[in-house]
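Heads up, the thing below is written out as structure tokens.
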Amino acid sequence: MTKKSNSNLETQIVEFSTGIDYFEKARKKGARRWLLAHIFFGSNKYFIFIVLFTTVIASILASISSVIIGNAVEQFLNANINSLIFFTVIILILGLLTPLFRLINYMQRELLAQRLERDSRKEFYANLLGKSQSFHDKQKIGELMARATDDVRMLNFLMSPAISLILESFTSLIIPVIFILLLYPLQLIFEPTIFTVLFLINLRSYNRKLSPITGRLRMNFGMINSTLNETLSGIEVVKGSTKEEYEFEKYEAIAKDYRDAFIEQGKVQAKYYPILFLAIAVTIGFTHSLILFSQGVMSIGQIISYIALLGLLQFPTFISIFVFAIIKLAGSSAKRLLELMNKTSEIDENLKGITQILQGSIQFDNVSFKYPGTDNMVLKNISFEIKPGQTVAIVGTTGSGKTTLTKLMSRLYDVSEGRILVDNIDIRDYALKSLRAQIAYIEQDVFLFSFSVFDNIAFGRVSSLDEVKEAAIQAQADDFISNLPKGYASKIGERGVQLSGGERQRIAIARAFLSNPRIVILDDSTSAIDSNTEDKIQQAIKNVLANRTTFLITHRLSQIRWSDIIIVLKNGEIVAKGNHWDLIKESEEYRKIFVKKFDIDEEKLLRGEI
Amino acid sequence: MKFNPVYVGLEAEEYDRTYKDKTLLRRIFTYFSPYKRYMLIVVIFLTISSLTTSFIPFITSAAINNIESSKNVTYLVFLIVLIFTFNILSFVFNYYRQINSAKAIANVVLDLRGDATKSILDHDLSFFDRNPIGKIVSRINTDSRDFGQTVELLIEVISSLVIMIIIIILLTIINAVLTLYMLLAIPLFFIVALSYRKYARKMTLLGQRALASVNSFVKESFSGIQIAKTFRQEEKLYSQFNEVNIQSYKVNLKRAFILNAIFPSLGIVQGIITTILVYLGGNFLIFNTINVGEFNMFLQSLNLLFFPLLTIASFWPQFQSGLSSSERIFAIIDTPPAVIQSDNIVPSKLKGEIEFQNLTFNYDENIKVFDNFNLKIKPGESLAIVGHTGAGKSSLANLLARFYEFQKGDILIDGISIKKYNLKEYRKQIGIIPQVPFLFADTVENNINYGCSSTTCEDVISALDKAGGSEWVDSLPNGLNTLVGERGSLLSMGQRQLVAFARVLLEDPSILILDEATASVDPFTETRIQDALEKTIEGRTSIVIAHRLWTVRHVDRIIVLDKGKIIEEGNHTELMKRKGYYAELYNTYFRHQSLKYIEEMGKI
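Going line by line, the protein sequences match chains G and W.
Going by the working numbering, the first sequence opens with residue 1, and the numbers climb by one from there.
Going by the working numbering, the second sequence opens with residue 1001, and the numbers climb by one from there.
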């Protein structure tokens, strides 16, 4: 019986793993822990240390410069010529050292940032590769790709520049203040401290105001894109229905929203007070130092140094305008990645289950099914029996449950009620791998990897060219493959190797031949093509059906007509079952197909005369 | 400063400019002129805030001087108050400047987008054949946004320029020699900034490419995951992924290193020039050529000028990129539509008589589709067009819908040239069902009554009934109110066709143009579609590009096209008897739809 996994903390059942998963525990502890695990992973520890170290040193050097300048002024005022060379050299050294440390700092943070991106992408990829098919079935490629590209990229930006800028801002706030504390009268601490407090408070409210508007702007931009995209994709319909004006107004309205959001954002950004706060703090500090000078407590040089040190606070003030937005975005990205990675699959592999060569008799015993997390029964009370080697055609309109039925067959999902038996054994009692190895699935929109044709057919099996060729001959594909620029070695997607739907289907059929399965699931709802190819495809399908139990989802009457059993599904229920003549007699809708299409007299048909 | 000017636009597409700078600037100017008021405020307030910002360090140095030499308290207090005032003024004027520039730019961008979209919607189909939709959307939305960014940068540059000029002037007044040495920083800055930008751009493009490789590999893996799992290929995919991932890491690390070297490099320039200033300035200070405040000014000057210099240095390439963006938008606005009507006749209910008279049509300069083509269609007649790909079938339909312009000859509808009708009114009487029906991401109902203004709409249900029956809608989660998803993806191909039929039936056109779908549909829906087809062509002039056997057997007339010429004409039985071109076509396209074929399948 299948285990029901209902919490993130249960051990994930993984179908593939790359060895030790260093981040498994961290993933479950939340985004922050996970990011920290990456940042401190392996040799990254040393880089982070270097980043911290160089940041501190650079700030110290900058502060020293400020102090030295003040000292120089003092000495020059005292007409101390000898000090000129001394100070020039010092300034030069400081002027070269500071950028040097900054450079090292940037290099290290970039190293960290790129590693974060590389490693999180690797982790994400491996993790997703290991998830079951039922997991993947539920994902939209677009969503997955957004995670794997944008969100992973965001983590890079988190480290560089966001975290490193924040570290730098931090040291730029603290170290000058420490210098002020150590070198100048205590009271001069007052101004920068008050500024820092006001700065942090205002920063918080600024970000709180800005973030929803930035989000709105981003959303609006997405909307003007998708709206215009839709309108232009359907331009024939728009013009045909003379709705150009309507579509224009639709676009204008959203573009106006964008404009309003843009102005809103400008208003919020203009109100960034810390700039003013700093200017006022420096002015007050300056005044304060002048007063102290008049009291004889400070010298000119010290005033100059003090102002220069306060000037170092400009950096965090300006950086904070945009850096926190990045942190927020990166946090969201990390959360989304973790959400996906922490999802568990629901199928039990049953590693100790039965492994035996299947004969291929199949029985659906009162099967009902609804997708996990939904209320709707997609299949209801499905019962039928197939003998080994028989072909069953499943027909019905979209949403009737055809594809779902075949998914249950290969245990992509487990039934909600009832059971499915193969060779009289419940499929859940088989080892999943053994079961799947004997079922070939030929999908609707055949996906071929950008490998060679040979690799796409052999796909994992160690096979000789002869074996692959034989399979291709059976699948009526050898002709067109041999005519490709490089024959079987041609890479899919390369120039001259643009394959039609029918050709792709035949490659998929060849692939199925090579794996020699007992059960074949063929989803044949592809475009109808011209009669020449049609012959070939019919032959290929015939070949692959022979002596194998086959589920056939097809629209082709030529296939339906000759199947051993036809099952008509409507709204998840079987409304008709039997062979062609059974259905002609019992199902009005089935009969109507032939009557209407071929202008056959209904009475004659019922009597068995075509 | 909202963004780093050095990095902006490194990833921009290369674009060859055809418009001259002057013309573009004049054009851009006209877009800003409705917002003169905002722009005036921007210019004035910009100048004021730049002035106040640049004066503050000088006032500070005057105060320092004062405290060192004369110690005039009143004067000192005055200076301090002045500093306060200037700080506040600077902030306030900058605040209003930012708001007004946001207003001006946002509105200009809106106007650009609106004009471009309006122009696009007027174009005929040949425009959309030549220009992929993605590119058009990107030009209208993204290029306009980038243009806005460039204008923002321009404003920052002007501000930087003003600040820089004022500071340099004042410094020159104080001591020309020191200023001269300080000015050395400028060309050095420019050289460093610009040469980095060149190299940075190259690395950025390489980095982008490497990243694109990883991403496309990942996409492929996820797209084919079912196959990968079925054949247990995860291991192989993973090792290949690792290679590309590491490759991208290496390339992008290099890129990042290069990009990050720019600030330290500029820092070194700053350090060297500062050293020179310390030496010379110190000398001058010792010998009283300059005073304390002035010395301090010079030392601080490079700090003050750092960001303005950087902004200006990065300006030119960014400005060019911004002009390119604007040019792309103007190109869209300026392209004239190819289909132009010569008159504005509003047709009453058309009878549906069609005549192609000596029609010559070239699609593109090279591809000749029709040459002196003639065809008469009676009102209410149903006509099927068959032929190989490229024979001209779709072109005929498209010309009738006035989606393309033809070169010679004429098309008469009810005896009047198609060029003389009011295009919108004419199209209202034409119903077009394309091969792949397009649905909007809206409800079933809204898709069906799309063409109807609310006052002239019939019951949507009755349209569906006419189009083969409406019961299938009941099995949808929300019936008529079900959202169909992007392009109708939540419905089956067949269901989308039924919606397209219903939509056209609701419009009750005099002329029907139907391009039959080649995609296969389940047999039950197919029967419905046949019903729909039957009802739709009844009593209407119908031109069908036929792919169904049923269609060719039930229309009044079939014409067989080959390279733009009618080579055979008649009904199905006649044409089959002739055993000519049509019979061959039948063999290729229709045979497998016949009952005979289906029955023979059993014997293979």
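All residues carry an ideal CB built from backbone N, CA and C; glycine is no exception.
Asked                                                                                                                        : Found
7 Å Cβ shell around L379 (chain G) - same chain, five flanking residues per side excluded                                    : V367, S368, F369, G401, T404, L405 and G572
Proximity to P1528 (chain W) [Cα-Cα], best of W:F1501, W:I1543 and W:L1237                                                   : Strictly speaking, residue 1528 (chain W) in this sequence is Arg, with Pro absent from that position. Selected option, being the one with the closest Cα: W:F1501.
Exposed unless 16 or more other CB atoms sit within 10 angstroms - verdict on Y413 (chain G)                                 : buried
DSSP-derived helix/strand/coil call for F1356 (chain W)                                                                      : strand
Close-in-space but distant-in-sequence residues of the same chain around R336 (chain G) (CB under 7 Å, 5 per side omitted)   : R147 and D151
Helix, strand or coil at Y1363 (chain W) [DSSP, three-state]                                                                 : strand
Host alpha helix (DSSP H) of R1427 (chain W) (start-end)                                                                     : L1423 to K1428
Alpha helix (DSSP H) segments (min. 4 residues) lying fully within the stretch 1557-1598 of chain W                          : 1572-1578 and 1581-1585
Cβ contact check for the stretch 1322-1333 of chain W and the stretch 1133-1142 of chain W: 3 or more pairs under 8 Å        : yes
Rounded distance between the beta-carbons of N1296 (chain W) and V73 (chain G), thought under 8 Å                            : 7 Å
Buried versus exposed call for T1060 (chain W) [16 or more other C-beta atoms within 10 Å across all chains shown]           : buried
Residue burial classification, T1018 (chain W) (beta-carbon count within 10 angstroms, cutoff 16)                            : exposed
Min CB distance P1264 (chain W) to chain G below 9 Å                                                                         : yes
DSSP-derived helix/strand/coil call for R419 (chain G)                                                                       : strand
Coil, strand or helix - F179 (chain G) by DSSP                                                                               : helix
Endpoints, alpha helix (DSSP H) assigned at V1339 (chain W)                                                                  : Neither: V1339 (chain W) is in no alpha helix (DSSP H) and is coded neither H nor E.
Rounded C-alpha distance that separates G1415 (chain W) from E1569 (chain W)                                                 : 23 Å
Residues, ordered as in the chain, of the stretch 387-401 of chain G that lie near chain W by beta-carbon distance below 8 Å : V395, G396, T397, T398 and G399
Interface residues of the stretch 1219-1233 of chain W facing chain G [CB-CB below 9 Å]                                      : K1219, E1220, S1221, F1222, S1223, G1224, I1225, Q1226, I1227, A1228, K1229, T1230, F1231, R1232 and Q1233
Assigned exposure category for F49 (chain G) - 16 Cβ within 10 Å defines buried                                              : exposed
Supposed contact pair P1437 (chain W) and V1499 (chain W) - C-beta distance, whole angstroms, cut 8 Å                        : 7 Å
Straight-line Cα distance separating I1080 (chain W) from T613 (chain G)                                                     : Any question about residue 613 (chain G) goes unanswered here, given that chain G covers just 1 to 610.
Neighbouring residues, chain G, relative to T1117 (chain W) (Cβ below 9 Å)                                                   : L228, T231, E247, F248, Y251, E252 and A255
Local Cβ density within 10 Å of N350 (chain G), reported as buried at 16 or more and exposed below that                      : buried
K491 (chain G), buried or exposed, once every other Cβ within 10 Å from all chains shown has been counted against 16         : buried
Integer Cβ distance of S439 (chain G) from P517 (chain G), believed to fall under 8 Å                                        : Contrary to the premise, residue 439 (chain G) reads as Ile rather than Ser in this sequence. The pair is a contact, with the Cβ atoms about 6 Å apart (cut-off 8 Å).
Secondary structure, beta strand (DSSP E): runs of 3+ residues fully inside the stretch 1489-1518 of chain W                 : 1511-1515
9 Å Cβ cutoff, H38 (chain G) in contact with chain W                                                                         : no
Residue-level contact to chain G via CB, D1122 (chain W), 9 Å cutoff                                                         : yes
9 Å Cβ cutoff, A79 (chain G) in contact with chain W                                                                         : yes
Residue span of the alpha helix (DSSP H) that contains F1524 (chain W), given as start and end                               : P1523 to I1537
Neighbouring residues, chain W, relative to Q476 (chain G) (Cβ below 8 Å)                                                    : What Q476 (chain G) touches in chain W: nothing, since even the nearest Cβ is about 12 Å away.
Whole-Å CB distance - Q1257 (chain W) paired with M107 (chain G), under 8 Å assumed                                          : The residue you asked about is not Gln; residue 1257 (chain W) is Phe in the sequence shown. The pair is a contact, with the Cβ atoms about 6 Å apart (cut-off 8 Å).
Beta-ladder partner(s) of D1410 (chain W), from DSSP                                                                         : W:Q1357
Counted within 10 angstroms of its Cβ, other Cβ atoms place W1550 (chain W) as buried (16 or more) or exposed                : buried
Listed by chain order, chain G residues near A1106 (chain W) by CB distance under 7 Å                                        : R259, F262 and I263
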